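These notes concern the structure reproduced below.
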Amino acid sequence: MTNFRLNVLAYSVMLGLTASVAYAEPTNQPTNQPTNQPTNQPTNQNSNASEQLEQINVSGSTENTDTKAPPKIAETVKTAKTLEREQANNIKDIVKYETGVTVVEAGRFGQSGFAIRGVDENRVAINIDGLRQAETLSSQGFKELFEGYGNFNNTRNGAEIETLKEVNITKGADSIKNGSGSLGGSVIYKTKDARDYLLNKDYYVSYKKGYATENNQSFNTLTLAGRYKKFDVLVVTTSRNGHELENYGYKNYNDKIQGKKREKADPYKIEQDSTLLKLSFNPTENHRFTFAADLYEHRSRGQDLSYTLKYQRSGYETPEVESRHTNDKTKRRNISFSYENFSQTPFWDTLKLTYSDQRIKTRARTDEYCDAGVRHCEGTDNPTGLKLTDGKITRRDGSELQFEKKNKNNNDEYNFNRFIDTDGQVIDKGIKLGRTSETWYDCSIFNCDDKKIKVFEGNNSYGHDGKWKEVELETKTLNGKKFAKIKDTGYKIRSILPSSPGYLERLWQERDLDTNTQQLNLDLTKDFKTWHIEHNLQYGGSYNTAMKRMVNRAGNDAYDVQWWAERTLGFKTSWYAPLETPETCEGSSTWNANLCPRVDPEFSYLLPIKTTGKSVYLFDNFVITDYLSFDLGYRYDNIHYQPKYKHGITPKLPDDIVKGLFIPLKQNAKTDEDIKKNVQQNIDYIAKQNKKYKAHSYSFVSTIDPTSFLRLQLKYSKGFRTPTSDEMYFTFKHPDFTILPNTDLKPEIAKTREIAFTLHNDDWGFISTSLFKTNYKNFIDLIFKGEQDFPLVSGGSSLPFSLYQNINRDNASLKGIEINSKVFLGKMAKFMDGFNLSYKYTYQKGRMNGNIPMNAIQPKTMVYGLGYDHPSQKFGFNFYTTHVASKNPEDTYDIYAKDKNQTNTSIKWRSKSYTILDLIGYVQPIKNLTIRAGVYNLTNRKYITWDSARSIRSFGTSNVIDQSTGLGINRFYAPGRNYKMSVQFEF
262 MTNFRLNVLA YSVMLGLTAS VAYAEPTNQP TNQPTNQPTN QPTNQNSNAS
312 EQLEQINVSG STENTDTKAP PKIAETVKTA KTLEREQANN IKDIVKYETG
362 VTVVEAGRFG QSGFAIRGVD ENRVAINIDG LRQAETLSSQ GFKELFEGYG
412 NFNNTRNGAE IETLKEVNIT KGADSIKNGS GSLGGSVIYK TKDARDYLLN
462 KDYYVSYKKG YATENNQSFN TLTLAGRYKK FDVLVVTTSR NGHELENYGY
512 KNYNDKIQGK KREKADPYKI EQDSTLLKLS FNPTENHRFT FAADLYEHRS
562 RGQDLSYTLK YQRSGYETPE VESRHTNDKT KRRNISFSYE NFSQTPFWDT
612 LKLTYSDQRI KTRARTDEYC DAGVRHCEGT DNPTGLKLTD GKITRRDGSE
662 LQFEKKNKNN NDEYNFNRFI DTDGQVIDKG IKLGRTSETW YDCSIFNCDD
712 KKIKVFEGNN SYGHDGKWKE VELETKTLNG KKFAKIKDTG YKIRSILPSS
762 PGYLERLWQE RDLDTNTQQL NLDLTKDFKT WHIEHNLQYG GSYNTAMKRM
812 VNRAGNDAYD VQWWAERTLG FKTSWYAPLE TPETCEGSST WNANLCPRVD
862 PEFSYLLPIK TTGKSVYLFD NFVITDYLSF DLGYRYDNIH YQPKYKHGIT
912 PKLPDDIVKG LFIPLKQNAK TDEDIKKNVQ QNIDYIAKQN KKYKAHSYSF
962 VSTIDPTSFL RLQLKYSKGF RTPTSDEMYF TFKHPDFTIL PNTDLKPEIA
1012 KTREIAFTLH NDDWGFISTS LFKTNYKNFI DLIFKGEQDF PLVSGGSSLP
1062 FSLYQNINRD NASLKGIEIN SKVFLGKMAK FMDGFNLSYK YTYQKGRMNG
1112 NIPMNAIQPK TMVYGLGYDH PSQKFGFNFY TTHVASKNPE DTYDIYAKDK
1162 NQTNTSIKWR SKSYTILDLI GYVQPIKNLT IRAGVYNLTN RKYITWDSAR
1212 SIRSFGTSNV IDQSTGLGIN RFYAPGRNYK MSVQFEF
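Numbering-wise, my numbering comes out as the position in the sequence shown, counting from 1, plus 261.
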């Protein structure tokens, strides 16, 4: 009840403040003028460059600290100035003070898109400058098999905040702007342009440096803009360096603990580089040509110390074999050319033609090796401290080797398993007595000139008891290098070397998800009147092709090679080989990563898919009177999927996941050639299944202003998402889990109905309340289809395989309420000039298939804000209070509950309610210098967000905790009190 009272109190205060002045000071200004005017026309404004970013025109009305205008229904716009003021460093910071929008957490790989209106990731569209960004492999079958093990960077790429001019966030179905993917909403990024800075002068220079304690991130941004005659250019380059996000109590947890019970965040070094270049040519004021390059790379290197599959050291009890190291990368490169025309014609006022070539690579690389140092790695373990001194094997101080005598009466017999160290201690491990035929001494490091060496001669062919014996060496040349070996003196002679291999083996695998897009856009605008109705028409179309593919690489090699490691494979020993023929890696049965490193052939789990998309759209904002206007939008999409598999060229699908799947193996098919032929037949069968989709999207918004202070907005819109290529074509065959492709999937559909009631005043601000409902249908989900017997390749009886397939599920529905308000207090009292109050609130509830909760719905959230700006903009601050309610168990659903034989289907680990206080401020001591600083989580509250809690997996090896005790969950908690600061120089 407390939260409800706070909500009602805040709403009442805002309503009272706004309504009182709305009646006291009405305004006669029309409120329904078209707001989607083009922003890129040549301009000769006389405002200075530092003010320009405040004046960016945006789609709809803006919601930020720079405006008093009421918000457009279900739409939020963040300008560059707002992002600077809030000290946003990543996409999570963009929506930090928004309600109803959060960022999906992906553990080691960071963030993966947004969650809006009960859906997330691919169901929320993301584009940058009109280009769709990479989608995840959303097939539940793929996630079941691979996502829980950290082998794929299956995330949506981010954007560099410093390059952004504007972020437009739409809640609810909206495919008019983005096409496929806009079920729950969309996030549209627009990058900066030289014209944003070159208003009354021909150059602009800015240098910004910042630091954040939550992840020790430091960043540097250099912005250069200039104009020379008919040319202008913009360069924005940013570099960021930091490490993992420090969870609450980060410095107090035991760093030695590894595995799922680890409480401290896994260590990663995180770097990000971005460069935005735009070069434009204006032959006349009505024509503009632009070349742009947007380069972005995010790198993360570290260790998965919470990984559960491999043994890792938690102390110094035994030598380490290997641990899991990560080297992940997200890389985006967009090269574009555009032409803009501002000549007014009967068909357009503005025209823009853009060609873009975008390439996105998300890479997950894991290297499994030991890095604990020579003394603690099993591969280079040398407890006796043997070393080479002047080419001879000695103790660690250079003295001759000593072993414990067998008995005091026999001075010549020793136990060669008990080594006497330089301090007199006896070591009974770490010595290998090797066969003479398998021991080769590399003459580049051993002394072969003496042609003699002291070795062990055993009393028997087995055991460790024996005597010292000096034997002769013979030299041989193998592959151009000189080696020595002991002349054959019998089976009792043994060489003396450390028992470890003498090198550290590194197993590596690298998995890329590539999305390459070429797109042509034509966008036009036209303002005109028909009778007394004003029209702001936007229309155009696009054509794009996208190739999505997976490439997997793997191999092993060696590093940290020690002096006793084998340096040659020796001679071939087979009877048919010519005498003294050097052995090769291909012919040897020895597994030696040092002498025979390998790189496996490239392979893939997915067929490469080419997607061709064509679309046309039409959007008209027409104003009938000062009190009534409508927005009508329509879009048509035609999407074609074509598998592009070429045998012998395309990375190969593993035989076992497709053989006999659709075309059965012949009964007598036992040879490799028969299996290869069947695999090709099954791949061809899948690859021939092209698929086409057609979609019609629409949007209708009515804005009614019965009075100068009251606005009513109604919205009805439709969005869609076509199945991703992996949802249709992903194939996997295994007795426990066989996934069949399904090219008969229907597009997912969303329809949103929303009504917003707004009180507003030009001087006092606004308060808006909206009610919304979204109906989803044809949700794609994975189901169990039953069992089917497949014959064994070896012949004989068959084996039952469990079959799964993606299908379209029944409907889902979500409804909720939002409040968004901002009141400027200067009219109430002179001393309050510059102060403002804001309040946001979102509550949502939704169900799938009747009564299954939707996990992507955020708990009830409220954000209170108090802000101040000095009239001369010399200093200001914002104080935010964010309250998030507990995630109720009945609003969660564990999709694995049945597999775990649980009657309780709620998710065990959920977020509790919490309240966070943030204080952010800026000061401009001189004209060209701005200092910003902030304290976040002011009260040092320990809390976990729902998006972090729901990222905890109940199976797998990554993002897991001890489910019985909860140990390891602290790793997912948000940072405690932390700080940010930045300094910016502008000229």
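Positions of the beta carbon are idealized from the N, C-alpha and C atoms, including for glycine. None of the values given here were measured: they were computed from a predicted structure.
Burial state of residue i, where buried means 16 or more other Cβ atoms lie within 10 Å
i: Gln290; result: Residue placement at Gln290 cannot be trusted, given a pLDDT of 37 that sits under 50; the coordinates are not used to answer.
i: Val1221; result: buried
i: Arg869; result: Here residue 869 is Pro; the residue named in the question, Arg, does not match the sequence. Answer is buried; the Cβ neighbour count reaches 16.
i: Val962; result: buried
i: Lys742; result: exposed
i: Tyr1104; result: buried
i: Glu312; result: With a pLDDT of 37 at Glu312, under the threshold of 50, the modelled position of that residue is not reliable, and the figure given next carries that caveat. Glu312 comes out exposed.
i: His1144; result: buried
i: Phe1248; result: exposed
i: Lys613; result: buried
i: Leu1060; result: exposed
i: Arg1232; result: buried
i: Val362; result: buried
i: Leu914; result: buried
i: Ser1243; result: buried
i: Glu524; result: buried
i: Cys846; result: exposed
i: Met1093; result: exposed
i: Thr304; result: Annotation note: pLDDT 40 at Thr304 (below 50); position unreliable, no value reported.
i: Thr791; result: exposed
i: Gly252; result: Given that the chain is displayed from residue 262 to residue 1248, the structure contains no residue 252 and the question cannot be resolved.
C-beta atoms of residue i and residue j nearer than 8 Å
i: Ala341; j: Glu475; result: no
i: Leu1199; j: Arg1238; result: yes
i: Phe880; j: Ser890; result: no
i: Thr697; j: Ile754; result: yes
i: Ser756; j: Ile692; result: no
i: Tyr902; j: Tyr358; result: no
i: Glu507; j: Asp527; result: no
i: Tyr529; j: Pro1236; result: no
i: Arg772; j: Asn817; result: no
i: Tyr630; j: Gly411; result: no
i: Asn418; j: Ile621; result: yes
i: Thr1004; j: Lys952; result: yes
i: Asp632; j: Ser584; result: yes
i: Asp898; j: Asp788; result: no
i: Ser978; j: Asp628; result: no
Residue from the options with nearest C-alpha to residue i
i: Pro762; options: Leu856, Leu774, Ile531; result: Leu856
i: Ile355; options: Gly361, Leu344, Val365; result: Leu344
i: Ser803; options: Trp729, Leu893, Tyr878, Lys746; result: Tyr878
i: Ser1167; options: Arg1108, Thr1176, Tyr1175, Glu1151; result: Glu1151
i: Ser960; options: Gly894, Thr1019, Leu1020; result: Gly894
i: Glu699; options: Asn515, Ser1215, Phe832; result: Phe832
i: Gly1047; options: Ile1000, Lys905, Ile794; result: Ile1000
i: Leu774; options: Glu844, Arg626, Ser835; result: Arg626
i: Trp729; options: Ile688, Glu661, Thr786; result: Glu661
Cβ distance (whole Å) where residue i is taken to contact residue j below 8 Å
i: Tyr985; j: Arg972; result: For clarity, residue 985 is Thr in the given sequence; the question names Tyr instead. No, Thr985 and Arg972 are not in contact; Cβ-Cβ is about 39 Å, not under 8 Å.
i: Thr655; j: Arg369; result: Wrong, their Cβ atoms sit about 45 Å apart, outside the cutoff.
i: Asn740; j: Pro843; result: 5 Å
i: Val466; j: Leu495; result: Contact flag wrong, Cβ pair sits at about 12 Å.
For the pair the stretch 935-947 and the stretch 910-925, tell me if three or more CB-CB distances fall below 8 Å.
Verdict: yes, contact present.
Are the stretch 375-392 and the stretch 442-455 in contact at 8 Å, needing three or more beta carbon pairs?
By the Cβ criterion, the stretch 375-392 is in contact with the stretch 442-455, since at least three pairs of Cβ atoms, one from each stretch, lie closer than 8 Å.
Does the contact criterion of 3 or more C-beta pairs under 8 Å hold for the stretch 1073-1084 versus the stretch 1030-1039?
The stretch 1073-1084 is in contact with the stretch 1030-1039.
Assess, as a yes-or-no matter, whether the stretch 548-555 is touched by the stretch 585-595 under the definition of 3 or more beta carbon pairs within less than 8 Å.
The way I'd put it, the stretch 585-595 does touch the stretch 548-555; three or more beta-carbon pairs between them come closer than 8 Å.
Is it true that the stretch 674-685 meets the stretch 719-726, where meeting means three or more beta-carbon pairs spaced less than 8 Å apart?
Touching, yes, given that three or more Cβ pairs across the two stretches are closer than 8 Å.
At a cut of 8 Å, does the stretch 764-771 reach the stretch 745-754 through at least three beta carbon pairs?
Cβ pair count under 8 Å is below three, so no.
Touching by the beta-carbon criterion (3+ pairs, under 8 Å), the stretch 807-823 and the stretch 651-670
No, they do not touch.
Assess, as a yes-or-no matter, whether the stretch 330-341 is touched by the stretch 1172-1187 under the definition of 3 or more beta carbon pairs within less than 8 Å.
Result no; under three Cβ-Cβ pairs closer than 8 Å.
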